[in-house]
Structures are given as C-alpha cells and as structure tokens.
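Reviewing the structure listed below.
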Amino acid sequence: MIKDMTIQTFLDELASKASTPGGGGGAAVNGAIGAALISMVANFTIGKKGYEDAHDEFTNILKQSEELRSKLTDAIKDDVDVFNRVMAAYGMPKETEEEKKARTESIQTALKEATDVPLACAKLCRQVIDLSEPAAQRGNTNVISDAGVALLAGYAGLRSAALNVYINIGGIKDKEFADDRRQQLESLLDGLEGFKEEVYDLVKSKL
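For our numbering, count along the sequence shown from 1 and bump the result up by 1.
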C-alpha cells in the first residue's frame with residue numbers, strides 16, 4: 002500500500018521513471034498534509050488554558066480534519082488505480098472493428114473515472130482550505146503558522162488536482178459529462194484566490 006510507504010520511499014517512487022505515483026498522488030498528499038496540520042492546531046487548542054470557549058468548535062474541527070486526512074490518504078491509491086485502468090484501456094487490442102469499439106468505450110469509461118478521482122480530491126482539499134480559516138482565526142496562536150501551512154498545502158492540493166481534472170476532461174467525448182465536471186471544478190475554484198490571501202494575511206497578522 003502506498004500510504005504505508007516511508008516518506009523517502011514514496012519520494013523515490015515519485016521521482017522514478019514509473020508512471021505512478023504521480024501528480025495526482027502528490028495532490029492528495031498535499032491535501033492530507035493540510036488536513037493533518039488542521040488537526041495539529043485543533044489538538045493544541047482543545048483543553049488549553051485560554052481556549053476553553055473554543056473547545057466544542059475545535060473538537061468538531063478535529064473530527065472533520067481527521068476524516069479529511071483519512072480520505073485524502075486513501076485518494077493516493079485511488080489515483081494510482083484509476084491511472085492503471087486508463088493505461089489498461091489504451092492497451093486493449095484494436096485489430097478488428099469490434100475490438101476498436103470495445104477499446105474506445107473502455108477508454109471513455111476510464112477517462113471519466115480518471116476525471117472523477119481528482120475531482121473528489123479537489124473537493125476534499127477545498128474543505129481543508131475552508132477549515133484553515135477558523136483554525137487561523139480562533140486556534141492556539143502558538144501554532145498559528147501551522148494553520149497557514151495547512152491553508153497552502155490544501156491550496157496546492159486543490160490546484161494540482163484541478164490540472165488532472167482538466168487533462169482528462171480533454172479526452173472525453175461525452176460533452177454533458179465534461180461540462181458538468183468542469184462546472185463542479187470551477188465552483189471549487191470560485192473565490193479561492195481571494196480567500197487564500199485573506200487567510201494568509203490573517204495568519205501573518207498574528208505572528
């Protein structure tokens with residue numbers, strides 16, 4: 002399992018000539034790092050003197066961030082699996098007309114799956130980004146910079162996952178499907194830049 006690799010082994014695999022893990026897995030890792038840092042801020046806030054009023058809020062934030070971390074960690078393998086399905090479809094025989102038709106259908110199915118996997122990752126990363134705001138606003142100021150790093154890690158994950166959505170949409174012939182997934186992605190990106198800068202400036206103001 003990729004998620005059980007050491008960091009060094011994962012990076013070695015990422016740097017190798019192997020096709021997987023690749024950018025999609027990297028996007029998920031960034032998102033998972035962001036979620037983990039949100040959890041860190043929550044853990045340093047819950048039960049700490051001076052933050053008694055934030056106990057319930059950060060208990061809930063911790064629950065959400067840990068769920069996100071688990072899902073984003075699983076998304077690393079999802080990216081590898083869907084890439085392998087795409088490659089398998091392209092590798093199907095294409096000698097006869099029937100084979101060509103079956104291959105084309107398999108490729109289109111796989112490309113749709115390869116669009117939905119990074120889109121799901123992007124949605125999870127957006128949730129990480131959104132959680133960084135209350136973490137920065139009301140979290141323990143001793144770890145406020147970690148809320149900022151969580152924001153940027155989630156941002157990197159989302160923008161990276163978006164690239165994988167775009168590249169796979171380009172090969173999909175089903176226009177309705179492609180337009181729907183593009184619209185979903187654009188809604189995640191809407192207002193993102195401004196929000197990111199606002200939270201980043203908030204963090205900086207507390208350093």
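Glycine included, every Cβ here is placed at the ideal spot set by N, Cα and C.
Exercise. Relative to the alpha-carbon of ARG183, which residue among ASP131, LEU120, GLU198 has its alpha-carbon at the smallest distance?
Worked result: LEU120
Exercise. Can you name, in chain order, every residue of its own chain whose Cβ lies under 6 Å from the Cβ of ALA157, other than the five neighbours on each side?
Worked result: Cβ contact annotation for ALA157 (same chain, cutoff 6 Å, sequence separation greater than five): ASN31, in chain order.
Exercise. Where does ASP79 land, buried or exposed, given buried means 16+ other C-beta within 10 angstroms?
Worked result: buried
Exercise. For THR46, which residues of its own chain have a beta-carbon under 6 Å away from its beta-carbon, when the five flanking residues on both sides are left out?
Worked result: Annotation for THR46: TYR52, ALA55, PHE59, GLY140, ASN141 place their beta carbon closer than 6 Å to its own, counting only its chain and skipping 5 residues before and after.
Exercise. Span of the alpha helix (DSSP H) holding PHE45?
Worked result: It is not in any alpha helix (DSSP H) - PHE45 carries neither H nor E in the DSSP assignment.
Problem set entry | Spatial neighbours of VAL83 in its chain, beta-carbon cut-off 6 Å, leaving aside the 5 residues before and after | GLU114, ALA115, VAL118
Exercise. On the premise that ALA43 lies in contact with ARG70, defined as a C-beta separation below 8 Å, what is that separation, rounded to the nearest angstrom?
Worked result: Between ALA43 and ARG70 the Cβ distance is about 11 Å, and since that is not below 8 Å, they are no contact.
Problem set entry | Closest by C-alpha distance to GLU134, when choosing among LYS174, GLN185, SER66 | SER66
Problem set entry | Where ALA33 falls: helix, strand or coil (DSSP) | helix
Exercise. If LEU152 sits next to LYS197, beta carbons under 8 Å apart, how far is it from one beta carbon to the other, in whole angstroms?
Worked result: 6 Å
Problem set entry | DSSP three-state assignment for MET93, whether helix, strand or coil | coil
For this session: Tell me, to the nearest whole angstrom, how far the beta carbon of GLY24 is from that of ASN169; I am working on the premise that it is less than 8 Å.
Result: Contact flag wrong, Cβ pair sits at about 12 Å.
Exercise. Relative to the C-alpha of SER107, which residue among ARG127, SER40, GLU14, ASN85 is closest?
Worked result: ASN85
Exercise. Is it the case that the Cβ atoms of LEU132 and ILE77 are separated by a distance below 8 Å?
Worked result: no
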